[in-house]
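Enquirer:
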Amino acid sequence: MGTVTGRRAAYERARKRRSTVVATVSSLAVVTAIVVLVPKMPRWDRVHESFFNGERFANSLPRLLDAFVLDIKIFAWSMPAIVSLALLVAVTRNSRSAALFPLRILTIAFTDIMRGVPIILWIYLIGFGVPGLGIDRPWNSPLIWGSVALVLTYSAYIAEVFRAGIESVHESQRAAARSLGLSSWQTMRHVVLPQAIRRVVPPLMNDMVSLQKDVALVSLIGPIEILRQAGIDKSKFANFTPYIAAAAVFLLITIPLTRTTDWLIERQRRRTTGTRIS
Amino acid sequence: MRKLTISLAITGTLLLAACGGSSSSSDTTAAAGAGTGNECTSGKTLAADTLTIGTGNPAYSPWVENDKPESKEGFEAAVAYAVAAELGFGDAAVTWVRTGFDEAVQPGKKNFDFNLQQFSINDERKKTVSFSASYYSTNQAVVALAGSPAIGATTVADLKDVKFGAQAGTTSLEFITNVIKPSAEPFAYDDNAGAKAALEAKQIDAIVVDLPTAFYIAAVELTGASVVGQFPASASTTPDNFGLVFDLDNPLVSCVDTALAVLKDNGTLAEIEKTWLSDKTNAPVIAVS
Chain A
646 MGTVTGRRAA YERARKRRST VVATVSSLAV VTAIVVLVPK MPRWDRVHES FFNGERFANS
706 LPRLLDAFVL DIKIFAWSMP AIVSLALLVA VTRNSRSAAL FPLRILTIAF TDIMRGVPII
766 LWIYLIGFGV PGLGIDRPWN SPLIWGSVAL VLTYSAYIAE VFRAGIESVH ESQRAAARSL
826 GLSSWQTMRH VVLPQAIRRV VPPLMNDMVS LQKDVALVSL IGPIEILRQA GIDKSKFANF
886 TPYIAAAAVF LLITIPLTRT TDWLIERQRR RTTGTRIS
Chain B
53 MRKLTISLAI TGTLLLAACG GSSSSSDTTA AAGAGTGNEC TSGKTLAADT LTIGTGNPAY
113 SPWVENDKPE SKEGFEAAVA YAVAAELGFG DAAVTWVRTG FDEAVQPGKK NFDFNLQQFS
173 INDERKKTVS FSASYYSTNQ AVVALAGSPA IGATTVADLK DVKFGAQAGT TSLEFITNVI
233 KPSAEPFAYD DNAGAKAALE AKQIDAIVVD LPTAFYIAAV ELTGASVVGQ FPASASTTPD
293 NFGLVFDLDN PLVSCVDTAL AVLKDNGTLA EIEKTWLSDK TNAPVIAVS
């Protein structure tokens, strides 16, 4: 028995070594192709000057980091609002009470309309339209109404994520909770939601990464955040390098965020399935 | 037919002289209708015997009227046809393409011989594109709605607590941050349409634009708006000189520069300016101290 396990382990080690070698060789081939071949293209020097200009990069970066503070602020105050509103919409949509039927219809209309219309239109419509009705400063700030547009759009998407989570909880869980004497709301609050939310953490993180970039859209109605600042520098110097610099700043945030998401997905899969086929 | 041939021959000779560096004036109207370039432009245009000119999408008044550059109406449309005529291109040999700002400055091959949409000439931009000599210089101006705190300002100090907006990436926005230096950070928009919407929503008190645009917005586009004033040209840290944009090191630049010099000397440019742009002296001057 022991020899079989040993041979199998040795075989698996060999397979693993082989796949490591294949992965390394193919990665090297791709990188070499890009590094060697791209600079040989006829107008590479122009592209290099326009997109990867070290001087422009260093010149823009401090201004971009300054402007990025605004992105973080918008993200920070929008995210809790989005999650709360999305949860409210999802729970309402999954309610079973006959009396709540009109509210269910309303939430369906809300998710359909908010998701169906481009986010840029919402930002213009709410960001310029609502203050245009005659609201005075400071309550007509584009930061407020731009954030409202983001919150409404994103909560429609995230409500659907929560809904998927809620619906993935087996009906027997509700049945068991109700038979223990829990009310419909208590069942939702203590039995269904804790399981549902845990299941949707990975897709939720995915939407957070997306939101982290979409906060830049608020700049359409005035505030100068990182992407707008990059655009201003781009126009001034007729050079696209500031966008590369802005992308680098975004990556500083999104890469840890996406890695965490992957780690969460992996952990969840290990927890729920127990086996892994390579 | 014979008359046309003769007049073309005359224009050709005159243009040849112009390209040679002498500043003789020529009859620009003679080339209208026919003509496919002169000695200088030969072999240098994107498409043979055609002058391909780029402008904004859309192009705005008073630079191009009704977004129809081929109508020759509007300041830049008129300048483009005058330059074309001076280079020996008849109206039929001129084609228009539409590009955004970014398309005009991207590093790839250009789809136009030159592009005009109020590009300000600056040294930084010269590293990625080539500019012709300036065909127009403008001052920055402030536009505000009635009741705005900017109304009645006569010095920059009066504008310190005004909330400003401008089109992103323009000399106007730079002017706000570098010269006016208001206490509140300015807002920036994709285009002047956004800036106007913000004015109406009272999110900003005033916008800064170039003077001809200011007159146009106040007179046509925004009811209740007025030009508060213009800043003296000397106030700009970066003087706003508009130039035609070319692919970097395009050999056509010297031909166009010669043509522009002729148009400047013989008064054609001044005349076009008088036809399409408002009188600069109409706006009060805001002192910069």
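Chains as they are written, first to last, in the numbering used here: chain A, 646 to 923; chain B, 53 to 341. Glycine included, every Cβ here is placed at the ideal spot set by N, Cα and C. These numbers come from a predicted model, not from an experiment.
1) Is the number of C-beta pairs between the segment 799–816 of chain A and the segment 870–882 of chain A that are closer than 8 angstroms three or more?
2) Below 8 angstroms between beta carbons is the criterion; list the residues of the segment 227–256 of chain B that meet it against any residue of chain A, in chain order.
3) For Ile900 of chain A, which three-state DSSP category applies?
4) Alpha carbon to alpha carbon, how far is Leu315 of chain B from Leu321 of chain B?
5) Going along the chain, which unbroken runs of the alpha helix (DSSP H) with 4 or more residues stay wholly within the segment 707–793 of chain A?
6) Does the beta-carbon distance from Pro234 of chain B to Lys96 of chain B come in below 8 angstroms?
7) Counting beta carbon pairs with one atom in the segment 254–271 of chain B and one in the segment 211–227 of chain B, are three or more of them shorter than 8 angstroms?
8) Check Ser695 of chain A in the structure and name its three-state DSSP category.
9) Which residues in the same chain have their Cβ closer than 7 angstroms to the Cβ of Leu872 of chain A, if we skip the five residues on either side of it in sequence?
10) What's the C-alpha gap between Leu909 of chain A and Gly199 of chain B?
11) Tell me, to the nearest whole angstrom, how far the beta carbon of Tyr799 of chain A is from that of Asp852 of chain A; I am working on the premise that it is less than 8 angstroms.
12) Applying a beta-carbon distance threshold of less than 9 angstroms, which residues of chain B neighbour Arg708 of chain A?
13) How long is the line joining the alpha carbons of Gln282 of chain B and Val736 of chain A, rounded to whole angstroms?
14) Using the C-alpha atoms, what's the distance from Arg782 of chain A back to Pro159 of chain B?
15) In whole angstroms, what is the alpha-carbon distance linking Phe882 of chain A and Gly221 of chain B?
16) Name the two residues that bound the continuous beta strand (DSSP E) containing Phe216 of chain B.
17) Would you report the Cα separation of Phe720 of chain A and Ala271 of chain B, rounded to the nearest angstrom?
18) With a Cβ-Cβ cutoff of 8 angstroms, do Val280 of chain B and Ile203 of chain B count as a contact?
19) May I ask which residues mark the beginning and end of the beta strand (DSSP E) holding Thr190 of chain B?
20) Going by DSSP, what residue range makes up the alpha helix (DSSP H) through Thr320 of chain B?
21) Assign Thr190 of chain B to buried or exposed, taking buried as 16 or more other Cβ atoms, counted over all protein chains shown, within 10 Å of its Cβ.
22) Between which two residues does the beta strand (DSSP E) harbouring Ser172 of chain B extend?
Expert: So, from the listed chains and residues:
1) no
2) Glu237, Pro238, Phe239, Ala240, Tyr241, Asp242, Gly246, Ala249, Ala250, Glu252, Ala253, Lys254, Gln255, Ile256
3) helix
4) 6 angstroms
5) 746–761, 764–769
6) no
7) yes
8) helix
9) Ala861, Ser864, Ala891
10) 56 angstroms
11) 7 angstroms
12) Within chain B, no residue comes near Arg708 of chain A; the closest Cβ sits about 11 angstroms away, beyond 9 angstroms.
13) 58 angstroms
14) 43 angstroms
15) 9 angstroms
16) 216–219
17) 40 angstroms
18) yes
19) 181–190
20) 320–328
21) buried
22) Note, Ser172 of chain B: premise wrong, no beta strand (DSSP E); not H, not E.
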